[in-house]
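Q: Numbering (this note's numbering), first residue to last: 2 to 240. Ideal Cβ placement from N, Cα and C applies to all residues, glycine included.
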Ligand SMILES: C[S@@+](CC[C@H](N)C(=O)[O-])C[C@H]1O[C@@H](n2cnc3c(N)ncnc32)[C@H](O)[C@@H]1O
């Protein structure tokens, strides 16, 4: 079931309200007795664009992961780079709650999880020039041609990426899906706001990471075990 919500100052025209309506999956706990609070950010639609220092209590650089899943990458990078803040957006409530509970158990105070749809959340809540990096790893590939329009990486989305990154901020993409990667490259090469550069790892991999790891996510580990090939791209907002 898809539930749509919305309203408030940021969404006060019917058209904007439709564009900014949250889309959520029903809850389906992955573990009993999860305690996602206080790491699960509860942002009302009407909150508009956020001020990161209000959330983290400091003005450290902020990095965002879209499609954080169970939070494996987010927890790892938040532990590795304590002088940065991290936010993960996850569409599936069960995963968002699991990841937030995991951050709470590790007392990872420089990271938060948001339950929401990323393109809506970015547009409605992320301030201009406020992100040091954006991580998108193994996004849903939507393989059927009639579903390609649902793919996250599209030209209008890259406009938003350019808006939210600080000058010098980096977008990193990794996928196992060759056709989606070809689409990503086409979209990246069809714009001039972001400069395509060779991919660099966002963080040193943990000791014991399986051979072939690039970023250290849950799906990456699963796909390495299946012998899949990965494709990675990076783009920078010019200074
Ligand atoms: C294939 S999984 C990858 C998860 C994680 N990045 C990893 O590599 O283990 C894709 C994740 O993105 C989430 N997702 C898909 N579309 C999304 C969207 N529009 N906004 C937020 N999350 C999304 C899915 O719920 C799922 O957890």
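#1: Could you tell me if residue 238 is buried or exposed, where buried requires 16 or more neighbouring beta carbons within 10 angstroms of its beta carbon?
#2: Tell me, please, whether the segment 131-149 touches the segment 171-190 by the rule of three or more beta-carbon pairs shorter than 8 Å.
#3: Among 62, 130, 41 and 61, whose alpha-carbon lies nearest the alpha-carbon of residue 168?
#4: How about residue 166 and residue 189: do their beta carbons lie closer than 9 Å?
#5: What runs of the beta strand (DSSP E), each 3 residues or longer, lie entirely inside the segment 137-217?
#6: Starting from residue 66, trace the beta strand (DSSP E) both ways and give me its first and last residue.
#7: If we ignore side chains and look at the alpha-carbon of each, how far apart do residue 221 and residue 68 end up?
#8: Can you give the Cα-Cα distance for residue 236 and residue 198, rounded to whole angstroms?
#9: Below 8 Å on the Cβ atoms is my guess for residue 75 versus residue 87; work out the distance and round it to an integer in Å.
#10: Three or more C-beta pairs under 8 Å: does that hold for the segment 79-93 against the segment 113-125?
#11: Scan the segment 50-115 and note each continuous alpha helix (DSSP H) run of 4 residues or more that stays entirely inside, going in chain order.
#12: Cutting at 6 Å between CB atoms, please list the residues of its own chain near residue 59, excluding the five before and the five after it.
#13: Rounded to a whole number of angstroms, what is the C-alpha to C-alpha distance between residue 160 and residue 229?
#14: With burial defined as no fewer than 16 other Cβ atoms inside 10 Å of the residue's Cβ, what is the status of residue 226: buried or exposed?
#15: Quick one: what's got a C-beta closer than 7 Å to residue 152's C-beta in the same chain, skipping five residues either side?
#16: Rank 215, 210 and 33 by C-alpha distance to the C-alpha of residue 201 and give the top, closest one.
#17: Going by the C-beta, is residue 104 closer than 8 Å to any heavy atom of ligand 1?
#18: Heavy atom of ligand 1 less than 8 Å from the Cβ of residue 139, yes or no?
#19: Under 9 Å between the Cβ atoms of residue 64 and residue 146?
#20: Which residue marks the beginning of the alpha helix (DSSP H) containing residue 123, and which one marks its end?
#21: Using only the alpha-carbon positions, how far apart do residue 47 and residue 78 sit?
#22: For residue 32 and residue 62, what's the separation of their Cα atoms in angstroms?
A: Taking the geometry as given:
#1: The residue is buried, with at least 16 neighbouring Cβ atoms inside 10 Å.
#2: Here the segment 131-149 makes contact with the segment 171-190; the two share three or more CB pairs at distances below 8 Å.
#3: Checking every option, the nearest Cα to that of residue 168 belongs to 130.
#4: No. Outside cutoff.
#5: Entirely contained in the segment 137-217, the beta strand (DSSP E) runs reaching 3 residues are, in chain order, 166-176 and 196-198.
#6: Run containing residue 66: 63-67, per the beta strand (DSSP E) assignment.
#7: For residue 221 and residue 68, the distance between alpha carbons rounds to 13 Å.
#8: In this structure, the straight-line span from the alpha carbon of residue 236 to that of residue 198 is close to 5 Å.
#9: So it is a contact: roughly 6 Å between Cβ atoms.
#10: The segment 79-93 vs the segment 113-125: in contact.
#11: Fully enclosed alpha helix (DSSP H) runs of 4 or longer: 53-57, 73-81 and 94-106.
#12: Around residue 59: no qualifying Cβ.
#13: Straight across, the Cα-Cα distance linking residue 160 with residue 229 is about 31 Å.
#14: Exposed, because fewer than 16 other Cβ atoms sit within 10 Å of the Cβ of residue 226.
#15: Cβ contact annotation for residue 152 (same chain, cutoff 7 Å, sequence separation greater than five): 143, 181 and 184, in chain order.
#16: Scanning 215, 210 and 33 for the CA closest to the CA of residue 201 turns up 215.
#17: Remark: the C-beta of residue 104 is outside contact range of ligand 1, defined as less than 8 Å to any heavy atom.
#18: Residue 139 has its CB nearer than 8 Å to a heavy atom of ligand 1.
#19: The Cβ atoms of residue 64 and residue 146 lie no closer than 9 Å to each other.
#20: Segment 119-126, the alpha helix (DSSP H) holding residue 123.
#21: Looking at the two C-alpha atoms, the distance is approximately 30 Å.
#22: Taken atom to atom, the span from the alpha-carbon of residue 32 to that of residue 62 is near 32 Å.
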